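A.B. asks:
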Amino acid sequence: MPRCLMPRCLLPRHLRPSPHARTAPTIPQMPTHFADALHQRLAAGASPICVGLDPVLDKIPPTLRAEHPAPADAIHHFSRGVIDSIRGLAPAVKFQSACYERHASQGVAALEASMRYARDAGLLVILDAKRGDIGISSEHYAAAAANAGAHAITLSGYLGPSTIAPFLASGLAVFVLVRTSNPDSDVVQAQRLADGRTVAEMMADLVHTLGASHLSTRGQSSVGAVVGATKAAEAAALRARMPNQIFLIPGYGAQGGTASDVRAMLTPSRQGILVTASRSVIYPQANSGEDWASAINRAAKSFAAEIATVITG
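For the sequence shown, the working numbering begins at 4 and goes up steadily by one.
Now the structure itself:
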């Protein structure tokens with residue numbers, strides 16, 4: 004079981020477990036391999052989506068900010084509200100660590116408490132921290148993520164395989180940045196090496212090689228790849244290089260990625276994707292008379308239905 008990195012007595016009062024807190028729902032025992040755990044949830048009817056929790060204080064509903072004036076308190080309760088709104092629709096949630104870390108120790112405590120809440124709700128927890136160090140630093144980052152309750156983490160592999168190994172040794176799945184959705188990624192990722200490969204293709208080959216010894220019972224690796232939905236033109240080539248990888252796919256929705264872009268990233272068996280959306284789900288336009296949590300639930304249902312058509316269409 005994950006443990007909190009901060010002793011309970013040092014947690015801000017608003018983040019300490021309440022004696023009246025609701026009992027966590029009973030969920031099936033999660034397989035130890037991330038890909039098997041994801042398959043378990045998809046087989047139960049979930050759509051292959053991941054909701055990104057990127058809480059920005061100015062975008063949190065004013066009523067919630069009024070109830071919880073301390074910034075870390077507000078983002079924690081917002082995170083809990085999002086989790087409650089998407090449970091049963093999304094198998095996974097991705098926490099953008101920077102949105103919490105900017106609020107100092109209270110923000111880190113809110114991140115850990117929110118991650119534990121997501122685990123207790125039966126969601127797979129991805130820590131979007133994009134770590135990229137080596138040696139003892141990488142070991143410390145891996146221990147911190149595992150102890151905080153993450154099932155998986157995003158990584159930059161630019162420093163080489165030794166960046167990734169400590170996270171796998173800690174029992175985490177990893178998603179390595181291969182072809183990201185930001186427009187200026189071409190400055191690095193589209194450059195050609197002497198052997199003709201792009202930098203992104205070189206990273207894809209590294210991910211495939213590292214992942215070959217970390218396959219699930221269904222042949223999917225716990226070494227996955229971040230491939231942006233806005234880079235669909237390169238999807239077929241990258242999928243051919245990474246047949247066993249789960250693609251964590253940002254850029255859907257607000258960044259312009261479409262269902263047809265995502266479809267290009269499927270494996271031949273129409274698997275291997277986990278599509279992420281943040282702003283379009285957690286900050287939807289509420290209908291008249293609709294509260295913010297209901298609006299998020301509606302947006303999550305729409306997102307899940309759209310991606311389900313990618314699999315079945």
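Cβ coordinates follow ideal geometry from the N, Cα and C atoms, glycine included. Nothing here was measured: the structure is a model prediction, and the numbers come from that model.
Could you have a look at Y286 and say whether DSSP puts it in helix, strand or coil?
C.D. replies: Reduced to three states, the DSSP call for Y286 is coil.
A.B. asks: Is the number of C-beta pairs between the stretch 119-131 and the stretch 84-95 that are closer than 8 Å three or more?
C.D. replies: The answer is yes - the stretch 84-95 touches the stretch 119-131, with three or more Cβ pairs under 8 Å.
A.B. asks: Determine the extent of the beta strand (DSSP E) in which G55 is found, giving its start and end residues.
C.D. replies: Its beta strand (DSSP E) spans residues 52-56.
A.B. asks: Check the DSSP bridge columns for S224 and list the partner residues they point to.
C.D. replies: Answer by DSSP bridge pairing, in chain order: L218.
A.B. asks: Does the distance from the C-beta atom of I252 to that of M268 stay below 8 Å?
C.D. replies: Yes, the pair counts as a contact, with Cβ atoms nearer than the cut-off.
A.B. asks: Is the beta carbon of I167 sitting closer than 8 Å to the one on V179?
C.D. replies: Yes, the Cβ-Cβ distance between I167 and V179 is below 8 Å.
A.B. asks: Please give me, in chain order, every unbroken run of the alpha helix (DSSP H) with length at least 4 that falls completely inside the stretch 105-162.
C.D. replies: As far as the stretch 105-162 is concerned, its whole alpha helix (DSSP H) runs of at least 4 residues are 107-123, 138-151.
A.B. asks: Would you please state the rounded distance, in angstroms, between the beta carbons of F37 and A155? I believe it to be under 8 Å.
C.D. replies: Right, their Cβ atoms sit about 6 Å apart.
A.B. asks: Tell me, which residues are paired with Q3 by DSSP?
C.D. replies: The structure shown has nothing for residue 3, since the chain only spans 4 to 316.
A.B. asks: Any idea what DSSP makes of L269, helix, strand or coil?
C.D. replies: In the structure shown, L269 sits in coil (DSSP, three-state: anything other than H, G, I, E or B).
A.B. asks: Quick check on the DSSP output: the beta strand (DSSP E) that includes T279 runs from which residue to which?
C.D. replies: Counting along the chain, the beta strand (DSSP E) containing T279 begins and ends at 276-280.
A.B. asks: The alpha helix (DSSP H) that contains R242, what's its start and end?
C.D. replies: That run of the alpha helix (DSSP H) goes 238-244.
A.B. asks: To the nearest angstrom, how far is it from the Cα of D136 to the Cα of A296?
C.D. replies: Those two C-alpha atoms are separated by around 38 Å.
A.B. asks: Classify P164: buried if its beta carbon has 16 or more other beta carbons within 10 angstroms, exposed otherwise.
C.D. replies: The residue is exposed, with fewer than 16 neighbouring Cβ atoms inside 10 Å.
A.B. asks: Which stretch, first to last residue, makes up the beta strand (DSSP E) that contains A176?
C.D. replies: A176 -> beta strand (DSSP E) spans 176-182.
A.B. asks: Based on the DSSP secondary-structure assignment, which residues constitute the bridge partners of G260?
C.D. replies: Answer is Y255, bridged to G260.
A.B. asks: Please report how far the alpha carbon of V191 lies from the alpha carbon of V229, in whole angstroms.
C.D. replies: For V191 and V229, the distance between alpha carbons rounds to 15 Å.
A.B. asks: So what does DSSP say about G59, is it helix, strand or coil?
C.D. replies: What sits at residue 59 in the sequence shown is Val, not Gly. The answer is coil: DSSP assigns V59 none of H, G, I, E or B.
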